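Below is one structure; the comments refer to it alone.
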Amino acid sequence: MSKIDIFRPNLYNFKLDFEQFIHDKIIPQKKVEQSHDAIKKRRSANDIVCKHWLIGSCFRINCPYLHSYEFDHMPLCPTLKKFGSCNREVCVFSHSQSINSNKSRKECRSYKRGFCKYGN
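When you number the sequence shown by full-length UniProt numbering, it's gap-free, plus one each residue, and the end is 120.
Right, here's the structure in full:
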């Protein structure tokens with residue numbers, strides 16, 4: 001028997017007394033806590049879809065923005081923002097200034113001081 005085989009779970013088909021408790025109580029509780037966290041995340045002040053997630057480049061572990069296609073919460077169209085109008089026939093971004101108004105968002109303290117590690 002090699003040294004690695006000693007650490008393999010259930011090598012001798014035995015169970016510990018607390019295994020059933022873990023499967024019955026602790027694991028379901030963690031799933032409930034995670035689902036509550038997801039609900040809180042969806043209801044946060046930043047109810048806007050993550051623009052980095054849309055292009056597949058969001059690597060933040062706890063991103064405060066939505067990571068789902070919710071067309072009511074899409075970020076403001078970059079073309080509309082830059083040029084004042086968007087001529088695309090199919091554009092998934094929001095074209096309503098009221099949804100994406102600066103009043104509804106909190107100003108980033110780090111950006112205000114001069115640099116934010118998350119961008120603009």
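No residue lacks a Cβ here, since even glycine has one placed at the ideal position from N, Cα and C. These figures come from a predicted structure and were not determined experimentally.
By how many angstroms is the C-alpha of residue j removed from the C-alpha of residue i?
i	j	result
G114	G84	27 Å
K117	W53	17 Å
L76	I61	23 Å
E107	V49	17 Å
K82	E89	17 Å
E70	I55	15 Å
Would you decide whether residue i is buried or exposed? Buried here means 16 or more other CB atoms lie within 10 Å of its CB.
i	result
F59	exposed
A45	Below a pLDDT of 50, predicted positions are generally treated as unreliable, and A45, at 44, falls in that range; the measurement from the model is reported next regardless. Result: exposed.
S96	exposed
Y111	exposed
Y65	buried
If you drop the 5 nearest sequence neighbours on each side, which residues of the same chain put their C-beta closer than 8 Å to that of residue i?
i	result
C86	C77, T79, L80, F93, H95
Determine, using beta carbons only, whether residue i and residue j come nearer to each other than 7 Å.
i	j	result
D47	H67	no
Note down, in chain order, each residue of its chain lying with its Cβ closer than 7 Å to the Cβ of residue i, except the 5 sequence neighbours on either side.
i	result
R109	none
C91	C77
D24	none
Kindly list the residues whose CB is nearer than 6 Å to the CB of residue i, restricted to its own chain and excluding five residues on each side of it in sequence; keep chain order.
i	result
K51	P75
C63	C50
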